[in-house]
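S.K.: Mind looking over this structure? Questions follow.
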Amino acid sequence: TIAPELPGALDVIRDAAKKGVVISIGHSMATYKEIELAIDNGAAHVTHMFNAMKPLHHREPGVALAALLRDELKIELIADTYHVHPAMMEFLLKVKKPNGIILITDSITPGGMHEGEEFEFADQKVRIKGGKAVLDNGTIAGSTLTLNYAIKNMVETAGARITEAVRMASLNGAKVLNMDRKKGILSVGRDADLVVLGDDYAVDMTIMAGKIVYRREA
Numbered sequence: 158t159i160a161p162e163l164p165g166a167l168d169v170i171r172d173a174a175k176k177g178v179v180i181s182i183g184h185s186m187a188t189y190k191e192i193e194l195a196i197d198n199g200a201a202h203v204t205h206m207f208n209a210m211k212p213l214h215h216r217e218p219g220v221a222l223a224a225l226l227r228d229e230l231k232i233e234l235i236a237d238t239y240h241v242h243p244a245m246m247e248f249l250l251k252v253k254k255p256n257g258i259i260l261i262t263d264s265i266t267p268g269g270m271h272e273g274e275e276f277e278f279a280d281q282k283v284r285i286k287g288g289k290a291v292l293d294n295g296t297i298a299g300s301t302l303t304l305n306y307a308i309k310n311m312v313e314t315a316g317a318r319i320t321e322a323v324r325m326a327s328l329n330g331a332k333v334l335n336m337d338r339k340k341g342i343l344s345v346g347r348d349a350d351l352v353v354l355g356d357d358y359a360v361d362m363t364i365m366a367g368k369i370v371y372r373r374e375a
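So the sequence shown is residues 158 to 375, counted in my numbering.
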């Protein structure tokens, strides 16, 4: 991830892209023009859409608008309904389409912890409250999302089909990393890595290289 407006960033983007590195734009206050230059030099991805970037503005467009308009840019989405509002999740689905979105968790240490549990992170006390990891002052400290529930949120909140949401959590990311010849889809010749979800979206089974490595207890 790189902010294209930083000194020397375009040189880094150009050289890294030539070597096959996936360049993602993020943590950036770049202008629309600076994003266009980054795309021209090989940037093709956007880190956690709408987070750590300027919001949409009709006179001063930046990363957010470029990510929406430019098909060259695939976007990451933290689909926990907190980092990005459910209406914005639905908006992204309509604009970028299922092929343009990669679901991520951006989860920190307490991923999967339960309501009310506390832990120490970066010398600060963090509590799970309302499904979020928050500091004492209410500031969001990070995500506790797991990818199976990102799929659930895209289906039940943003209106995606289950097949679309699964694609956003699997094949799309594999394509970005140029791993889709072996990963991301079930077909002959690809790795037998898969996660089986129940009707409640909880993980029933995990299979790696054709072997069951996890099975949920009945």
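Don't be surprised by glycine CBs; every beta carbon is placed ideally from N, CA and C.
What whole-angstrom Cβ distance do I232 and A200 have, given they're in contact under 8 Å?
M.R.: No, I232 and A200 are not in contact; Cβ-Cβ is about 12 Å, not under 8 Å.
S.K.: Which residue's Cα is closest to the Cα of P112: A209, F248, I297?
M.R.: Missing from the structure shown is residue 112; the chain here goes from 158 to 375 and no further.
S.K.: Suppose the cutoff is 8 Å on Cβ atoms and the five residues either side in sequence are ignored; what does the same chain contact list for I319 look like?
M.R.: These residues qualify, in order along the chain: I308, V312.
S.K.: Is F278 a contact residue of the ligand NAP, with contact defined as CB to any heavy atom under 7 Å?
M.R.: Questions concerning the ligand NAP fall outside what the structure shown contains, since it holds no ligand whatsoever.
S.K.: In the DSSP assignment, find the alpha helix (DSSP H) that holds K253 and state where it starts and stops.
M.R.: 243-253 is the extent of the alpha helix (DSSP H) around K253.
S.K.: Pick helix, strand or coil for L260, following the three-state DSSP scheme.
M.R.: Looking at L260 - three-state DSSP - the assignment turns out to be strand.
S.K.: Pick helix, strand or coil for R372, following the three-state DSSP scheme.
M.R.: Correct three-state label for R372: strand.
S.K.: Taking the DSSP output, what are the residues bridged to F276?
M.R.: Note: F276 sits in a beta bridge opposite V283.
S.K.: Between the C-alpha atoms of N256 and L249, what's the straight-line distance to the nearest angstrom?
M.R.: If you take the alpha carbons of N256 and L249, they lie about 11 Å apart.
S.K.: Buried or exposed, going by whether 16 or more other CB atoms sit within 10 Å of the CB of V329?
M.R.: In the sequence on display, residue 329 carries Asn and not Val. Per the 10 Å Cβ criterion, buried.
S.K.: Please classify A322: does DSSP put it in a helix, a strand, or coil?
M.R.: A322 falls in the helix class under three-state DSSP.
S.K.: Roughly how many whole angstroms lie between the Cα atoms of M245 and V252?
M.R.: Roughly 10 Å between the two C-alpha positions.
S.K.: Using CA coordinates, which residue listed in V352, E193, F276, L222 is at the minimum distance from T301?
M.R.: Of V352, E193, F276, L222, the residue nearest in Cα terms is F276.
S.K.: First and last residue of the alpha helix (DSSP H) that includes D168?
M.R.: Per DSSP, D168 belongs to the alpha helix (DSSP H) from 166-175.
S.K.: Who are the Cβ neighbours of A326 in its own chain at under 7 Å, not counting the five residues just before and after it?
M.R.: So the list reads L260, L304, A307, I308, once near-sequence residues are dropped.
S.K.: Give the secondary structure of I210 by DSSP, where H, G and I count as helix, E and B as strand, and everything else as coil.
M.R.: One detail in the question is off: residue 210 reads as Met in this sequence, not Ile. M210: strand per DSSP, three-state reduction.
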